[in-house]
Amino acid sequence: MLRLFSPPHLQEAASLLAQANSALSGLVFATSGTTGAPKWILHAEEGLDWCARTVNAHFACSSRDVWGLALPEFHVGGYCLTHRARLAGGRLARFPHKWQPEAFLHFLQQEKVTVTSLVPTQVHDLAQASLTAPPELRLALIGGEALEPALAQQARELGWPLIASYGMTETAGLIAAGTRDDDTLRPLPGWQLASDADKRLTITGPGLFTGYLTENGLQPREDPFPTQDRVDLSPEKITLLGRSDDQLKILGELVDLARLRREFAALASPLPATVIALPHPRRGHQLLPVLEAPAVPDGLATAFQTWNAGLPGFSRCQPPIACTPWPRTPVGKTDRQSLIRLLTDQSGNCDADRPGNS
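In the UniProt record's numbering, the protein residues as written are 1 to 358.
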């Protein structure tokens, strides 16, 4: 029997998919990844059990822990937290409200939560509100997106025990993690990581998914599983370089969009920021920095000009634009495809502003 986990807008599609694959068994998670196109990822129960036990052992989680859930359970990050709690025998407490940082802090204090999972957007909200972590909390696993160093430092100064992690729906959560004092990602036991000539990560391990579910049946995974993530690997650590589809051609030159995003995000911190690529008839693409704010701060506009002038001509960006609110996925990740559509659609409801524009 299949158990399907999907956001509300995909539940009808999930029901049809279950009917078309009624002979299969396992747990299926919907994910849009970074492409915006839904994928249905099938996991065997024994693989999910192995993943949960591996994470619990790595972080010494036990029946003494209290697990605080603030992510939707239809997302693999939320499900995996609840599954780890079940296997460890600890108490699970569910945050009962729509996300709000002060209410979440009260929830942690009231339930005496020791372990939770968050996405960087939630960390940003906690840090911006200058909220201090409760003393009982010993572990906050951060996933979904990369955690910007400036944001991590700001939150840690408030006592938040952040653990950077790396994983995906296909691996049932994290396969590499840092420590409370060091965001260097190190593979968890049991996972074998390698990279090809283009530095694309490949993964082997007992917790890998079975395959992609479609209306025409199961599409088995490749083994080892090739990802779109580019990495530098050493025997003890993994350094994320961005995604292979984050490299694009402008005026015939290869541009590393992931690097530009990291650098602009550092300039804009603590405001959420990214760089998107828009189609351009002559250049191929034009690069547009975007931050989530009512307006571009004067100081950032000046810093941007200096940074942009130092880039090669083909990778220079348009002046930054402020846009609020950003479209986000149900777990708070930036939905870049929707953001691109919003900024290119004159009927969009994004309140956008450029420096000097009214």
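C-beta atoms are modelled at their ideal positions from N, C-alpha and C, and glycine is treated no differently.
From a predicted model like this one, the values you see are computed outputs, not experimental measurements.
Closest residue to residue i among the options (Cα-Cα distance)
i: Arg53; options: Arg84, Ala303, Pro330; result: Arg84
i: residue 365; options: His285, Val115, Leu271, Ala127; result: The structure shown does not extend to residue 365, since the chain is modelled only from 1 to 358, so the question has no answer here.
i: Glu45; options: Trp307, Gly207, Leu137, Leu218; result: Gly207
i: Ala164; options: Val123, Ser130, Pro189; result: Val123
i: Gln153; options: Glu170, Thr171, Gln128; result: Gln128
i: Met168; options: Val76, Arg221, Ala266, Phe304; result: Val76
i: residue 361; options: Ala140, Gln286, Gln109, Phe304; result: There is simply no residue 361 to check, as the chain begins at 1 and stops at 358 in what is shown.
i: Tyr166; options: Ala70, Leu87, Gly144, Glu148; result: Gly144
i: Gly190; options: Gly332, Ile175, Ala265, Thr184; result: Ile175
i: Ala268; options: Ala301, Thr239, Lys237, Glu253; result: Ala301
i: Leu177; options: Gln219, Asp223, Ile142, Pro101; result: Note on identity: in this sequence residue 177 is Ala, with Leu being the wrong assignment. The residue with the shortest Cα to Cα distance from Ala177 is Ile142.
i: Pro120; options: Glu253, Ala150, Ser234; result: Ala150
i: Arg262; options: Ala309, Leu193, Lys249, Arg243; result: Arg243
i: Gln192; options: Asp182, Gln228, Arg156, Ser234; result: Ser234
i: Asp183; options: Arg156, Arg230, Asp198, Thr171; result: Arg156
i: Gln287; options: Thr306, Ala303, Asp256, Ala293; result: Note on residue identity: the sequence assigns Leu, not Gln, to residue 287. Ranking Thr306, Ala303, Asp256, Ala293 by Cα distance to Leu287 puts Asp256 first.
i: Leu147; options: Leu343, Lys333, Leu342; result: Lys333
i: Gln100; options: Leu71, Val113, Lys199; result: Leu71
i: Cys61; options: Gly47, Asp232, Val113, Thr344; result: Val113
i: Lys199; options: Leu24, Trp307, Asp232, Asp181; result: Asp232
Cutoff 6 Å; reference residue i; Cβ partners in own chain excluding five residues on either side
i: Asp335; result: Pro327, Arg328, Thr329
i: Ile340; result: Ile276
i: Leu251; result: Arg283, Phe314
i: Thr210; result: Leu42, Ala44
i: Ala103; result: His97
i: Ala194; result: Thr202
i: Gly89; result: Ser63
Cα-Cα separation, residue i to residue j
i: Gly159; j: Ala133; result: 5 Å
i: Arg259; j: Ala20; result: 42 Å
i: Gln318; j: Ala273; result: 14 Å
i: Ser6; j: Val28; result: 8 Å
i: Ser338; j: Pro281; result: 21 Å
i: Thr34; j: Pro226; result: Low confidence applies to Thr34: its pLDDT is 48, below 50, so where it sits in the model is not reliable, and the reading given next is rough at best. Approximately 15 Å, taken between the alpha carbons.
i: Asn56; j: Val115; result: 11 Å
i: Ala265; j: Ser117; result: 23 Å
i: Ala295; j: Glu253; result: 32 Å
i: Ser15; j: Gly26; result: 15 Å
i: Gln228; j: Leu248; result: 14 Å
i: Gly348; j: His58; result: Caution is warranted here: a pLDDT of 42 is assigned to Gly348, below 50, making its placement in the model unreliable, and the coordinate value is therefore given only provisionally. The alpha-carbon atoms of Gly348 and His58 are separated by roughly 45 Å.
i: Cys80; j: Pro312; result: 43 Å
i: Glu12; j: Phe74; result: 14 Å
i: Phe95; j: Thr171; result: 25 Å
i: Leu342; j: Pro325; result: 11 Å
i: Leu240; j: Gln110; result: 37 Å
i: Arg186; j: Thr179; result: 9 Å
i: Leu2; j: Leu188; result: 28 Å
i: Leu126; j: Asp65; result: 22 Å
i: His106; j: Gly47; result: 35 Å
i: Trp307; j: Ser130; result: 29 Å
i: Thr344; j: Lys237; result: 39 Å
i: Gly356; j: Leu108; result: At Gly356, the pLDDT of 40 sits below 50, so the modelled position is not reliable; the number obtained from the coordinates is stated separately. Going from the Cα of Gly356 to the Cα of Leu108 covers about 43 Å.
i: Phe304; j: Arg221; result: 43 Å
i: Glu136; j: Arg316; result: 47 Å
i: Leu4; j: Pro38; result: 13 Å
i: Gly173; j: Leu87; result: 15 Å
i: Leu291; j: Arg138; result: 32 Å
Buried or exposed by the 16-neighbour rule on C-beta atoms within 10 Å, applied to residue i
i: Asp196; result: exposed
i: Asn216; result: exposed
i: His9; result: exposed
i: Asp298; result: exposed
i: Thr310; result: The question names Thr, but residue 310 is Gly in the sequence shown. Classification for Gly310: exposed.
i: Arg230; result: buried
i: Asp246; result: buried
i: Pro320; result: buried
i: Pro289; result: buried
i: Thr31; result: buried
i: Asp181; result: exposed
i: Ala293; result: buried
Other residues of its chain near residue i: CB distance less than 7 Å, five sequence neighbours each side excluded
i: Gln346; result: Legend: pLDDT at Gln346 = 44, less than 50; position of this residue unreliable, value from coordinates given subsequently. Within the same chain, Gln346 has no close Cβ partners at all.
i: Leu213; result: Leu17, Asn21, Val28, Trp40, Leu42
i: His285; result: Leu248, Ile250, Ala277, Leu278, Pro279
i: Leu92; result: Trp67, Leu69, Thr82, Ala85
Same chain only: Cβ atoms within 8 Å of residue i, ignoring 5 sequence neighbours per side
i: Trp50; result: Gly190, Pro206, Gly207
i: Asp223; result: Thr204, Leu208
i: Gln219; result: Gly211, Tyr212, Leu213
i: Leu24; result: Leu2, Leu42, Leu213, Leu218
i: Val331; result: Leu71, Pro72, His75, Gly77, Gly78, Val119, Gly144
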